[in-house]
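Trainee: Protein chains in written order, with the working numbering: chain P, 6 to 256; chain Z, 129 to 342.
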């Protein structure tokens, strides 16, 4: 009915998004914003865009939220079984190949654009994966609607051999650039640092958009309403059914 | 068919403040020759982070079952976003084993499994037979010397054992029927405690326990 009046229903939940990754000296730093949009409505102000693929591999997802969630869950499951079977730590290229094969098979209909990063026996790795199944291997990467804002930061400030803290600061700066300059991205900054043998997930590492002006006192209604007059009208007449002798109803 | 001895002990150890529990599974690692690299053989396998398994019987058959069980556990996890309860995994594995007793052109699996796990219902130990029937145990043994081992366990098992005691009991039970010199290299021990993480003890850790038992 509302559509006749001109209201367009919100589209499926997209992540809008700024997601980034950077390879530092011996670690990989991934970053993401936390806004999920349905059209022009912010559907989730603090969603998690960094997904677990393996203890040493994580994946940021942009595009349709359901697609990124489903595809990362699926491949994470496959990687787990592979780990049990081989008795070895998962490699980033394995996750990469499983993801790109899946996306290619669906010819771009699975709308997931991913930034995959991790550290394995062969070293630190960072890749981007596009919905149609193509991949890039890069020292720094950005994806999502805020990718241009974030890439501008990277292109001017990236250097080889960044330390962990320098990497975290650079990633935070890039995500903030997306948060403030792109409408599809916003709220907080999530960071993940993956090093050899250790993964640190810094959820809400930075919260540059707090809710201001929340009343700490809460709300009360001070005046009680006075009762002036009471009148009760029964809605139905009460009817008594009296059994006058007689037999019970025939079955 | 080489049959190996397995001793399994499930125990509750009640501590003063926390009631923690756990399960210990152990097996002798009988190798066909001294030339075999014992590090390449592992009889105790992990199925999920909180469920482990050991077998008695044909190794190749057990590998097929382990692979199938792992996949089933993972599918359950994907569907319900919950770690598979021990009973469910045992049931599904048993169903597979039963299938092979009724289908045409296949033979039953030549293994009995001992599944040890820790979930919301606490520590559990299940035996699954080639027929597909499964039983829950507080303590059990399978394979060679099963009668001696079970008698030994009946005497030694108490409901409120501590983890260390349980490991010692398992080692002693294995020692009963052991041919040759027992060492960290020819037995395997798997443990799951209240932290719900199944782990296989290293040879070095087993040597420490063996020394305590001496």
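For every residue, glycine included, the Cβ atom is placed at its ideal position computed from N, Cα and C.
If we ignore side chains and look at the alpha-carbon of each, how far apart do residue 215(P) and residue 36(P) end up?
Mentor: As a working note, residue 215(P) is residue 210 in the first chain. As a working note, residue 36(P) is residue 31 in the first chain. Straight-line Cα distance between these residues: approximately 19 Å.
Trainee: Quick one: measure Cβ to Cβ for residue 192(P) and residue 155(P), integer angstroms, because I've assumed they're closer than 8 Å.
Mentor: Walking along the first chain from the start, residue 192(P) turns up at place 187. Walking along the first chain from the start, residue 155(P) turns up at place 150. Wrong, their Cβ atoms sit about 15 Å apart, outside the cutoff.
Trainee: From residue 167(Z) to residue 67(P), what does the alpha carbon distance come to, in whole angstroms?
Mentor: In the second chain, residue 167(Z) corresponds to position 39, counting from 1. In the first chain, residue 67(P) corresponds to position 62, counting from 1. Rounded to whole angstroms, residue 167(Z) to residue 67(P) spans 44 Å at the Cα level.
Trainee: Of all the options 324(Z), 286(Z), 306(Z) and 342(Z), which has the alpha carbon lying nearest to the alpha carbon of residue 176(Z)?
Mentor: Here the question's residue 176(Z) lines up with position 48 in the second chain. Taking only the C-alpha atoms, the option nearest residue 176(Z) is 324(Z).
Trainee: Identify which residue in 318(Z), 313(Z), 338(Z) and 243(Z) has its Cα closest to the Cα of residue 165(Z).
Mentor: For the purposes of this step, residue 165(Z) is taken as the residue at position 37 of the second chain. Measuring from the Cα of residue 165(Z), the nearest candidate turns out to be 313(Z).
Trainee: Helix, strand or coil for residue 34(P)? Go by DSSP, reduced to three states.
Mentor: For this step, residue 34(P) is matched to residue 29 along the first chain. It is a strand residue.
Trainee: Buried or exposed: residue 243(P), going by 16 or more other Cβ atoms within 10 Å of its Cβ?
Mentor: On the first chain, residue 243(P) is found 238 positions in, with the first residue counted as 1. It is exposed - the Cβ of residue 243(P) has fewer than 16 other Cβ atoms within 10 Å.
Trainee: Taking Cβ to Cβ, would you say residue 187(P) is nearer than 8 Å to residue 150(P)?
Mentor: One-based indexing of the first chain puts residue 187(P) at position 182. One-based indexing of the first chain puts residue 150(P) at position 145. In contact: residue 187(P) and residue 150(P) (Cβ atoms closer than 8 Å).
Trainee: Check whether chain C comes within 8 Å of residue 202(Z), counting only Cβ atoms and requiring the distance to be less than that.
Mentor: Of the protein chains in the structure, P and Z, none is chain C.
Trainee: If you check the beta carbons only, do residue 147(P) and residue 159(P) fall under 8 Å apart?
Mentor: Here residue 147(P) is taken as the residue at index 142 of the first chain, counted from 1. Here residue 159(P) is taken as the residue at index 154 of the first chain, counted from 1. Yes; because the gap between Cβ atoms is below 8 Å, this pair is in contact.
Trainee: Grouping DSSP H, G and I as helix and E and B as strand, with all else coil, what is residue 139(Z)?
Mentor: Locating residue 139(Z) in the second chain gives position 11, where the first residue counts as 1. A caution first: residue 139(Z) carries a pLDDT of 36, below 50, which makes its placement in the model too unreliable to give a value.
Trainee: Taking Cβ positions only, does residue 195(P) come closer than 8 Å to chain Z?
Mentor: On the first chain, residue 195(P) is found 190 positions in, with the first residue counted as 1. Not one chain Z Cβ lies under 8 Å of residue 195(P).
Trainee: From which residue to which residue does the beta strand (DSSP E) around residue 327(Z) run?
Mentor: Along the second chain, one-based indexing puts residue 327(Z) at 199. Its beta strand (DSSP E) spans residues 326-328.
Trainee: Is it buried or exposed, residue 127(P), if we count other Cβ atoms within 10 angstroms and call 16 or more buried?
Mentor: The sequence position of residue 127(P) within the first chain is 122, counting from 1. That one is exposed.
Trainee: Is the segment 82-94 of chain P touching the segment 222-240 of chain P in the sense that three or more CB pairs, one from each, lie closer than 8 Å?
Mentor: With the cut-off at 8 Å, the segment 222-240 of chain P and the segment 82-94 of chain P do not touch.
Trainee: When DSSP labels each residue in this structure, what does residue 190(Z) get in the three-state scheme?
Mentor: Against the second chain, residue 190(Z) aligns to sequence position 62. Note: residue 190(Z) maps to helix in three-state DSSP.
Trainee: Under 8 Å between C-beta atoms, does residue 324(Z) make it to chain P?
Mentor: Taking the first residue of the second chain as 1, we reach residue 324(Z) at position 196. It does not: the Cβ of residue 324(Z) has no partner Cβ on chain P nearer than 8 Å.
Trainee: Measure from the alpha carbon of residue 259(Z) to the alpha carbon of each residue in 224(Z), 163(Z) and 188(Z), then state which is nearest.
Mentor: Residue 259(Z) sits at position 131 when you count from the first residue of the second chain. Answer by Cα proximity: 224(Z).
Trainee: Does DSSP put residue 176(Z) in a helix, in a strand, or in coil?
Mentor: Taking the first residue of the second chain as 1, we reach residue 176(Z) at position 48. Reduced to three states, the DSSP call for residue 176(Z) is strand.
Trainee: So, for residue 278(Z): in the same chain, excluding its five sequence neighbours on each side, which residues have a beta-carbon less than 6 Å away from its beta-carbon?
Mentor: Looking up residue 278(Z) in the second chain gives position 150. Result list for residue 278(Z): 269, in chain order.
Trainee: What are the complete beta strand (DSSP E) segments, minimum 3 residues, inside the segment 192-257 of chain Z?
Mentor: 239-247 and 250-256, all fully within the segment 192-257 of chain Z.
Trainee: I believe residue 243(Z) touches residue 172(Z) by the beta-carbon criterion, under 8 Å. Please report the beta-carbon distance rounded to the nearest angstrom.
Mentor: Taking the second chain and counting its residues from 1, one reaches residue 243(Z) at position 115. Taking the second chain and counting its residues from 1, one reaches residue 172(Z) at position 44. About 11 Å separates the two Cβ atoms, so there is no contact after all.
Trainee: Tell me whether residue 273(Z) is buried or exposed, calling it buried when 16 or more other Cβ atoms sit within 10 Å of its Cβ.
Mentor: Stepping through the second chain from its first residue, residue 273(Z) is reached at position 145. So residue 273(Z) ends up on the buried side.
Trainee: Skipping 5 residues on each side, what residues in its chain have a beta carbon closer than 6 Å to that of residue 97(P)?
Mentor: Residue 97(P) sits at position 92 when you count from the first residue of the first chain. 62, 123, 125 and 130.
Trainee: Judging by CA-CA distance, which residue of 116(P), 172(P), 209(P) and 176(P) is the nearest neighbour of residue 74(P)?
Mentor: Sequence index remark: in the first chain, residue 74(P) carries index 69 (1-based). Answer by Cα proximity: 116(P).
Trainee: Taking Cβ to Cβ, would you say residue 52(P) is nearer than 8 Å to residue 169(P)?
Mentor: Position 47 of the first chain, counted from the first residue, corresponds to residue 52(P). Position 164 of the first chain, counted from the first residue, corresponds to residue 169(P). No; because the gap between Cβ atoms is not below 8 Å, this pair is not in contact.
Trainee: Relative to the C-alpha of residue 153(P), which residue among 248(P), 219(P), 60(P) and 184(P) is closest?
Mentor: Locating residue 153(P) in the first chain gives position 148, counting from the first residue. If we check each option's Cα against that of residue 153(P), 184(P) comes out closest.
Trainee: For a contact meaning CB atoms closer than 7 Å, what does residue 199(Z) contact in chain P?
Mentor: For the purposes of this step, residue 199(Z) is taken as residue 71 along the second chain, with counting starting at 1. The contacting residues are 86.
Trainee: Run through chain P and tell me which residues come within less than 9 Å of residue 195(Z), C-beta to C-beta.
Mentor: Against the second chain, residue 195(Z) aligns to sequence position 67. In chain order: 86, 89 and 90.
Trainee: Could you have a look at residue 145(P) and say whether DSSP puts it in helix, strand or coil?
Mentor: As a working mapping, residue 145(P) is identified with position 140 in the first chain. Correct three-state label for residue 145(P): strand.
Trainee: Starting from residue 133(P), trace the beta strand (DSSP E) both ways and give me its first and last residue.
Mentor: Taking the first residue of the first chain as 1, we reach residue 133(P) at position 128. 128-134 is the extent of the beta strand (DSSP E) around residue 133(P).
Trainee: So, with DSSP's three-state summary, where would you put residue 295(Z)?
Mentor: As a position in the second chain, residue 295(Z) is number 167, starting the count at 1. Note: residue 295(Z) maps to helix in three-state DSSP.
Trainee: Using alpha carbons as the reference points, say which of 334(Z), 215(Z) and 297(Z) lies closest to residue 248(Z).
Mentor: Sequence index remark: in the second chain, residue 248(Z) carries index 120 (1-based). Here the closest residue by C-alpha is 215(Z).
Trainee: DSSP state of residue 177(P), grouped into three classes?
Mentor: By 1-based counting over the first chain, the position of residue 177(P) is 172. Residue 177(P): helix per DSSP, three-state reduction.
Trainee: Does the pairing of the segment 76-85 of chain P with the segment 102-121 of chain P give three or more beta-carbon distances under 8 Å?
Mentor: As far as the Cβ criterion goes, the segment 76-85 of chain P touches the segment 102-121 of chain P, which means the pair count is three or higher.
Trainee: Does residue 153(Z) get closer than 8 Å to chain P when you measure Cβ to Cβ?
Mentor: As a first step, residue 153(Z) is located in the second chain; it is residue number 25 there, counting from the start. Judged by the 8 Å Cβ criterion, residue 153(Z) is not in contact with chain P.
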